[in-house]
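Here is the structure we will look at, set down as structure tokens.
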Amino acid sequence: MNPGVSGKQGSSTVYHSHATVTVAILSFRLGVADGVSVAAAQWVTGLRRMGCRVRTIAGAGTADHLMPGLAFDVRRPARGRDIEAALRGVDLVVVENVCSLPMNPPVTEAVVNALQGRRAVLRHHDLPWERERYAHLRGWPPDNASWQHVAISQRSAAELGRRGVDATAVYHGYARIPHRGNRAAGRGAVGVAPGQRLLLQPTRAIARKNVAAGIALAQAIDAVYWLTGAAEEGYGPQLENLLARAQCPVRRGLPGRLRMADAYAAADAVVLPSTWEGFGLPLIESALAERPLAVNPYPVAREVARLGFAWFPVDDPAPLAAWLDDPDPTLLARNRALAELHFGPDALTSRLSDTLARAGLRPPGAR
Numbered sequence: 013m014n015p016g017v018s019g020k021q022g023s024s025t026v027y028h029s030h031a032t033v034t035v036a037i038l039s040f041r042l043g044v045a046d047g048v049s050v051a052a053a054q055w056v057t058g059l060r061r062m063g064c065r066v067r068t069i070a071g072a073g074t075a076d077h078l079m080p081g082l083a084f085d086v087r088r089p090a091r092g093r094d095i096e097a098a099l100r101g102v103d104l105v106v107v108e109n110v111c112s113l114p115m116n117p118p119v120t121e122a123v124v125n126a127l128q129g130r131r132a133v134l135r136h137h138d139l140p141w142e143r144e145r146y147a148h149l150r151g152w153p154p155d156n157a158s159w160q161h162v163a164i165s166q167r168s169a170a171e172l173g174r175r176g177v178d179a180t181a182v183y184h185g186y187a188r189i190p191h192r193g194n195r196a197a198g199r200g201a202v203g204v205a206p207g208q209r210l211l212l213q214p215t216r217a218i219a220r221k222n223v224a225a226g227i228a229l230a231q232a233i234d235a236v237y238w239l240t241g242a243a244e245e246g247y248g249p250q251l252e253n254l255l256a257r258a259q260c261p262v263r264r265g266l267p268g269r270l271r272m273a274d275a276y277a278a279a280d281a282v283v284l285p286s287t288w289e290g291f292g293l294p295l296i297e298s299a300l301a302e303r304p305l306a307v308n309p310y311p312v313a314r315e316v317a318r319l320g321f322a323w324f325p326v327d328d329p330a331p332l333a334a335w336l337d338d339p340d341p342t343l344l345a346r347n348r349a350l351a352e353l354h355f356g357p358d359a360l361t362s363r364l365s366d367t368l369a370r371a372g373l374r375p376p377g378a379r
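When you number the sequence shown by our numbering, it's gap-free, plus one each residue, and the end is 379.
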């Protein structure tokens, strides 16, 4: 246990005695466009606004400490002494998915060993039983009395509880509402004419992202289909085949210095056709960008929809096509208001304060 950090004494929490709390965010990779990186960046910004010092540690991407032995595809895991050195002086370690999916068990084992006796938050974006190739495994995630488990949905927290792991659901949140994008710049960068409809799928290209359904919707509403993310997990050949057979114009990637905010602004509608997501940030990003969303009703989408969001079906293009012919701005305004209420800065600060309090920590800006 780190000096200055205490646990529970009776029913009272004894808080960290120093004015500044230092938090490490550790992940296989950070600073890229996948959901884990984006959600981790939300916490980094939120923690810093609360007065915490934040140190990022990752195997790949962009981080304060890049340690290739932490990457999910590395053959030789990081040495324990190197991980411990990166964590020196840290009061709390937030582990982003490294202890959630067995993508590289030796790396997870090295991290688990370095976390022994430390205060840690294991933040679970995905869990083994949610992926077919990992569903048979037992003993995940690892657990320790010094750690707390945070799931990104109520559903995942309940699933952990049924497996004997006490977990709290902490939704994603924005430390600042994203700036509006540049519609003209976005459309110009991908060569979309003023009168063309543009359907944005802001995801990576892997099997569960269901690219075929996104293309089918674009074809049905006579739109250009724009997939921003790269192919991963060996999906490249299948993706190229799907795009080659598409009966609509196709755009790929984020050209030049275009931001995701510009892509949302450029789009006339957004599609999230995934068969499974641990959460699915486009649910909230589309609302903040005030763009209509067509979504496949995977379990967590149904959970978030109960907050009151109004979305369109992926498998029936008629409702979205009708809305695009005669837009109702009140739908967009309501979705944005719900996103700000449940996922905006105040909501994030409250959740982070609660998470730190459970670890016995109270930074100056905590509520």
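Ideal Cβ placement from N, Cα and C applies to all residues, glycine included. For clarity, every value in this text was computed on a predicted model and none was experimentally measured.
**Asked** Can Val-133 and Val-110 be called in contact, C-beta distance under 9 Å?
**Response** no
**Prompt:** Expressed to the nearest angstrom, what Euclidean distance is found between the alpha-carbon atoms of Arg-384 and Pro-249?
**Reply:** In this structure the chain extends from 13 to 379, so residue 384 is not present and cannot be described.
**Prompt:** With a CB to CB cut of under 7 Å and the five nearest residues on each side skipped, what residues in its chain are close to Ala-75?
**Reply:** Leu-42, Gly-43, Thr-68, Ile-69
**Message:** Less than 9 Å between the beta carbons of Leu-59 and Val-119, yes or no?
**Reply:** no
**Request:** Can you tell me which of the three DSSP states Ser-39 falls into?
**Result:** strand
**Request:** May I ask you to list the residues that DSSP assigns as paired with Phe-324?
**Result:** Ala-306
**Item:** Which of helix, strand or coil DSSP assigns to Trp-335
**Value:** helix
**Asked** Taking the C-alpha atoms as reference points, what is the distance between Pro-350 and Leu-229?
**Response** This sequence places Leu at residue 350; Pro is not what is there. Approximately 26 Å, taken between the alpha carbons.
**Request:** Throw me the rounded Cβ distance for the Gly-176 and Ser-158 pair, which I believe falls under 8 Å.
**Result:** About 17 Å separates the two Cβ atoms, so there is no contact after all.
**Prompt:** Where does Thr-367 sit, in a helix, a strand or coil, going by DSSP?
**Reply:** helix
**Request:** Identify, in the order they occur along the chain, each residue of the same chain with its Cβ nearer than 6 Å to the Cβ of Gln-231, setting aside the five sequence neighbours on each side.
**Result:** Gln-259, Cys-260
**Prompt:** How would you write the range of the beta strand (DSSP E) that Leu-212 sits in, first residue to last?
**Reply:** 209–213
**Request:** Determine which residues share a DSSP beta bridge with Val-282 and list them.
**Result:** Leu-212, Leu-305
**Asked** CA-CA distance, Ile-218 and Leu-373?
**Response** 39 Å
**Request:** Could you give the DSSP three-state label for Pro-375: helix, strand or coil?
**Result:** coil
**Request:** In the DSSP assignment, find the alpha helix (DSSP H) that holds Gln-166 and state where it starts and stops.
**Result:** 166–174
**Message:** For Leu-139 and Ser-168, what's the separation of their Cα atoms in angstroms?
**Reply:** 8 Å
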